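Shown next, in structure tokens, is the structure this report addresses.
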Amino acid sequence: MKALLFSETPENFNRLSSMLKKLGLDIHGISFSEVKADYIYLANERLDYPSIVKAFEELGNKLNPDLYVFSSTKLGKEVASRFSQRTGLPCLTECLSVEIDGSSIIATRYSLGGKTLMKIKTDLPAVIAVVADAFEIEDFDFKMEKVDFEIKEADGINVISREEKRREKVGLRNADVVVCFGRGVRRKEDIELIEKLAEKLNAEIGCTRPISHDYRWLPEERMIGLSGEKISPKLLISIGVSGQIQHAVGIMNSKTVIAINNDENAPMKEYSDYYVIADLYSLIPELIKLL
Amino acid sequence: MKIAVCVKEIYNLEQVKIIRETREPILDVPKKLDDLSKNAIEEALRIREKHGGEVVAISAGSKDLKKTIKEALAMGADRAIIVSEDFQSNAENTALILSKILSKDSFDLILFGDASSDEYSAQMAPRVAELLRIPQITYVREIKEISDGKIVCIRDMDYYYETVESNLPCVVSVTNEINEPRIPALKDILKASKKPVDVVSLNDLKVELVNPYQILENLAPEIDRKQEVIQGDLKEVVKQIVEVIRREI
Ligand SMILES: Cc1cc2nc3c(=O)[nH]c(=O)nc-3n(C[C@H](O)[C@H](O)[C@H](O)COP(=O)(O)OP(=O)(O)OC[C@H]3O[C@@H](n4cnc5c(N)ncnc54)[C@H](O)[C@@H]3O)c2cc1C
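Written out as structure tokens, the structure is:
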């Protein structure tokens, strides 16, 4: 069986090619830089959906892959969806795992905002967008044959400019201790309080989506949840976080959870081992003193 | 400007409980308009305030949608066109239904939320754009300008921001951060029930529904938290927390 893979970053690409190799697929991959695959279509960088959809159509017609694979980034999802609609092939995005079952695939993905995990089956050929972070890069024997390939410009939209986001290497995913805060922290200056606590505990700092995406107080890499990092520390201290399911799904694998909230009945309670009802502004300074 | 906003009705997820033994969700809960749909409606209303025109809410959903759609009308949409009957719900079918409704009229701009907060699959805007053969600008955090039959938007992507221009008509999907959706006042809620809602049937639309997906299971993971409450005298509370911390690390 054959997969046609695209990812805009070599890291995601390699994670997904490892995942696909494990499933026993021959991997043809379009990439902008050196990557691991059986057949590497080293292409000029184009990040606009019309061109990538067209390139997939062109290569798809030539190769007849069983599986069309994207990383489940925003670009990956928009291309996967449009390509699926154009070709009439079924499409699943935000896949967390994929297995082949005869002439079908079975994928898992979150449903109901993360309350449940759905196992869903569809026939091949199919289009999938897979959360690349869920897979490790492994050493397989790829054929590593290079094929010249050009992604041609296609009509649609006109990209005027692009500004790279400031990215930080954040060790949230492998951290033993995480201190996560939400909108209970009212001002940017108050993050200092969280930082002091994190320092005492040698912890990584995480946050909810409003903190990183609305207020931009922290880089997006620190956001935990459905659309962010999934963490699995020994200890999570969650401060001023309401615990909406889209956030809570990211903390499910924590061993012990302490939550601090001044609302005696926030949804966060259900996801906590210890639910501390207190004002964070009075509690955290005292906590820091005692540690 | 004639603006269509495609909105989605979802279960009120906060109220969804899980059956302890089987881990199945109990879906016997009220429905509501999805958060991201509200961002899309809000953005449409702001465009209407600036450029004039009409905002039409469009949706395909269950029988409850007749009620749920009122939320969009209360926010300020002028009217709605909906399909409100039971059908096999999947991205293909919904996209087909929406595009059939949309193609009966000529909209300058078609807005969506970038994903829905329940299934989070982000397929709808690109699918509808493809069916209508018009361009899409997804994950829009800011609409910079609409003029001379063109729209300029800033997209919030994983690794970069991107400023993109497209001709109208065009599909735009917006992020949760693009705006703060207004909360309708009581008088707006009352007014909403007088606004026109055109209920069209799948029969009239002549859509051929498909069902390429088979859901094998949909279960909640085991959450086994102690849920021990700590409260009271601050000194005591702090001491207890420190004990837990010491034990765990
Ligand atoms: C499609 C979609 C995807 C999403 N993905 C994510 C995601 O990946 N991650 C994520 O985090 N969110 C995500 N969200 C948003 C999510 O639904 C919630 O809106 C968000 O997590 C709430 O953040 P919060 O807890 O910081 O804020 P709030 O909900 O406002 O909660 C603040 C909490 O702080 C408490 N508090 C206030 N003052 C104090 C005080 N002085 N002391 C102690 N406690 C205090 C309050 O009681 C409250 O419980 C998503 C939403 C959508 C629609």
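As you go down the protein sequences, you meet chains Z and C in turn.
For what it's worth, our numbering labels the leading residue of the first sequence as 46, then goes sequentially.
For what it's worth, our numbering labels the leading residue of the second sequence as 1304, then goes sequentially.
We put the beta carbon where it would ideally sit given N, CA and C, even for glycine.
Since the model is a prediction, treat every value here as computed from it, not as a measurement.
Output the boundary residues of the beta strand (DSSP E) element that contains residue i.
| i | result |
| --- | --- |
| R207(Z) | N203 to E209 |
| V192(Z) | E190 to D193 |
| K164(Z) | T161 to D168 |
| E1312(C) | E1312 to Y1314 |
| L1470(C) | Per the sequence shown, the amino acid found at residue 1470(C) is Asn instead of Leu. From DSSP, the beta strand (DSSP E) with N1470(C) extends over Y1463 to N1470. |
| N1506(C) | Per DSSP, N1506(C) belongs to no beta strand (DSSP E); it is in the alpha helix (DSSP H), L1505 to L1508. |
| K1529(C) | Looking at the DSSP string, K1529(C) is not in any beta strand (DSSP E), and its letter there is neither H nor E. |
| L338(Z) | It is not possible to answer for residue 338(Z), since the shown part of chain Z is limited to 46 through 336. |
| F101(Z) | First-last for F101(Z): Y94 to L108, but that is the alpha helix (DSSP H), not the beta strand (DSSP E). |
| G121(Z) | Here G121(Z) belongs to no beta strand (DSSP E); instead the alpha helix (DSSP H) covers K119 to T132. |
| K314(Z) | First-last for K314(Z): undefined, no H or E at that position. |
| E1357(C) | E1357 to G1364 |
| A304(Z) | T301 to N306 |
Looking at the unbroken alpha helix (DSSP H) that takes in residue i, where does it start and where does it end?
| i | result |
| --- | --- |
| F58(Z) | P55 to K67 |
| A1375(C) | K1373 to M1378 |
| Q1543(C) | L1537 to E1551 |
| R1349(C) | D1338 to H1354 |
| L328(Z) | L325 to L335 |
| T1397(C) | A1394 to S1406 |
| I1446(C) | No alpha helix (DSSP H) contains I1446(C), which is instead part of the beta strand (DSSP E) from Q1439 to S1450. |
| I1519(C) | Here the sequence assigns Leu to residue 1519(C), which means Ile is not the residue at that position. From DSSP, L1519(C) is part of no alpha helix (DSSP H) but of the beta strand (DSSP E) over Y1516 to L1522. |
| D1491(C) | L1489 to A1495 |
Say whether chain C places a C-beta atom closer than 9 angstroms to the C-beta of residue i.
| i | result |
| --- | --- |
| L169(Z) | no |
| P312(Z) | yes |
| Y319(Z) | yes |
| H15(Z) | Outside the shown range of chain Z (46 to 336) lies residue 15(Z), about which nothing can therefore be said. |
| M297(Z) | yes |
| Y316(Z) | yes |
| G158(Z) | yes |
| V215(Z) | no |
| E22(Z) | Because chain Z spans 46 through 336 in this model, residue 22(Z) falls outside it and cannot be assessed. |
| V80(Z) | no |
| S272(Z) | yes |
For residue i, decide whether its Cβ has a neighbour in chain Z, counting only Cβ atoms nearer than 9 angstroms.
| i | result |
| --- | --- |
| E1352(C) | no |
| A1394(C) | yes |
| A1363(C) | no |
| E1468(C) | yes |
| D1459(C) | yes |
| K1312(C) | The identity of residue 1312(C) in the sequence shown is Glu, whereas the question assumes Lys. By this cut-off, E1312(C) is not an interface position. |
| P1599(C) | As displayed, chain C neither begins before 1304 nor continues past 1552, which places residue 1599(C) out of reach and without an answer. |
| D1417(C) | yes |
| S1406(C) | no |
| S1450(C) | no |
| T1397(C) | no |
| Q1391(C) | no |
| V1477(C) | no |
| I1486(C) | no |
| L1537(C) | yes |
| D1411(C) | no |
| A1307(C) | no |
| I1533(C) | yes |
| G1548(C) | According to the sequence provided, residue 1548(C) is Ile. The question's Gly does not apply to it. By this cut-off, I1548(C) is an interface position. |
| S1387(C) | no |
Hey, does residue i have any beta-carbon neighbour from chain A nearer than 9 angstroms?
| i | result |
| --- | --- |
| K1403(C) | Protein chains Z and C are contained in the structure displayed, whereas chain A is not. |
If you measure from the CB of residue i, is any heavy atom of ligand 3 nearer than 8 angstroms?
| i | result |
| --- | --- |
| L70(Z) | In terms of ligand content, the structure shown lacks ligand 3 and carries ligand 1 instead. |
- Item | Stretch pair the segment 219-227 of chain Z + the segment 238-245 of chain Z: three plus CB contacts closer than 8 angstroms | With the cut-off at 8 angstroms, the segment 219-227 of chain Z and the segment 238-245 of chain Z touch.
Taking a cut of 9 angstroms between CB atoms, which residues from the segment 1491-1512 of chain C lie near chain Z?
-> Shown here is that no member of the segment 1491-1512 of chain C has a Cβ falling below 9 angstroms from a Cβ of chain Z.
Q.
Output needed in chain order: residues of the segment 1316-1346 of chain C with a Cβ under 9 angstroms from some Cβ in chain Z.
A. L1316, E1317, V1319, I1321, R1326, E1327, P1328 and L1330: these are the residues of the segment 1316-1346 of chain C whose beta carbon lies less than 9 angstroms from some beta carbon of chain Z, given in chain order.
| query | Is there contact between the segment 1380-1388 of chain C and the segment 1411-1428 of chain C, where contact requires at least three CB pairs shorter than 8 angstroms? | reply | The answer is no - the segment 1411-1428 of chain C does not touch the segment 1380-1388 of chain C, with fewer than three Cβ pairs under 8 angstroms.
| Looking at chain C, which residues of the segment 100-125 of chain Z have a Cβ within less than 7 angstroms of any of its Cβ atoms? | Against chain C - using a Cβ distance shorter than 7 angstroms - the residues of the segment 100-125 of chain Z are T118, K119, L120, K122 and E123.
Open item on the list: Please list, in chain order, the residues of the segment 1433-1446 of chain C that have any C-beta partner in chain Z closer than 8 angstroms.
Closed with: Interface annotation for the segment 1433-1446 of chain C against chain Z: E1433, L1434, P1438, Q1439, I1440, T1441 and Y1442, criterion Cβ-Cβ distance under 8 angstroms.
(request) Flag this pair as touching only if the segment 1426-1443 of chain C and the segment 1328-1339 of chain C have three or more C-beta atom pairs under 8 angstroms; answer yes or no. (result) Not touching, per the Cβ criterion.
The segment 181-203 of chain Z: which residues have C-beta closer than 7 angstroms to a C-beta of chain C, in chain order?
-> Flagged, chain order: G201, I202 and N203.
* Asked: Closer than 7 angstroms, Cβ to any Cβ of chain Z: which residues of the segment 1516-1531 of chain C, in chain order?
  -> Here the close residues are Y1516, Q1517, I1518, L1519, E1520, N1521, L1522, A1523, P1524, I1526, R1528, K1529, Q1530 and E1531.
Inter-stretch contact at 8 angstroms, needing at least 3 Cβ pairs: the segment 1497-1510 of chain C / the segment 1389-1403 of chain C = With the rule of 3 Cβ pairs closer than 8 angstroms, the segment 1497-1510 of chain C counts as touching the segment 1389-1403 of chain C.
ask   = Are the segment 183-199 of chain Z and the segment 79-95 of chain Z touching by the rule of at least three beta carbon pairs closer than 8 angstroms?
value = As far as the Cβ criterion goes, the segment 183-199 of chain Z touches the segment 79-95 of chain Z, which means the pair count is three or higher.
Q | Segment contact flag, the segment 1460-1479 of chain C with the segment 146-154 of chain Z, C-beta cutoff 8 angstroms, min 3 pairs | A | Contact check between the segment 1460-1479 of chain C and the segment 146-154 of chain Z: fewer than three CB pairs, one atom from each, fall below 8 angstroms, which does not count as touching.
Using 8 angstroms as the threshold, is the segment 274-281 of chain Z in touch with the segment 289-301 of chain Z, meaning 3 or more CB pairs across them? Verdict: yes, contact present.
With contact counted as at least three CB pairs below 8 angstroms, one residue from each stretch, are the segment 250-270 of chain Z and the segment 1313-1321 of chain C in contact? As far as the Cβ criterion goes, the segment 250-270 of chain Z does not touch the segment 1313-1321 of chain C, which means the pair count is below three.
Worksheet item: Given 8 angstroms as the limit, is there contact between the segment 1354-1371 of chain C and the segment 1484-1491 of chain C, that is, 3 or more CB pairs closer than that?
Response: Judged by pairs of C-beta atoms under 8 angstroms, the segment 1354-1371 of chain C does not touch the segment 1484-1491 of chain C, as fewer than three such pairs exist.
Members of the segment 129-155 of chain Z that neighbour chain C once the beta carbon cut-off is set at 7 angstroms: Hits within the stretch, in order: Q130, R131, P135, C136, T138, E139, I151 and Y155.
### Message
Would the segment 55-63 of chain Z count as touching the segment 114-127 of chain Z if we require 3 or more Cβ pairs under 8 angstroms?
### Response
The segment 55-63 of chain Z and the segment 114-127 of chain Z touch, with no fewer than 3 CB-CB distances between them shorter than 8 angstroms.
### Message
Does the structure place the segment 1452-1466 of chain C close enough to the segment 164-179 of chain Z that three or more beta carbon pairs sit under 8 angstroms?
### Response
Inter-segment contact for the segment 164-179 of chain Z and the segment 1452-1466 of chain C is absent: fewer than three beta-carbon pairs are separated by less than 8 angstroms.
ask   = Between the segment 139-146 of chain Z and the segment 1492-1502 of chain C, are three or more C-beta pairs nearer than 8 angstroms?
value = At 8 angstroms Cβ cutoff, the stretches do not touch.
Relative to chain C, which residues along the segment 216-230 of chain Z have a C-beta separation below 9 angstroms, given in chain order?
Residues D221 and V222.
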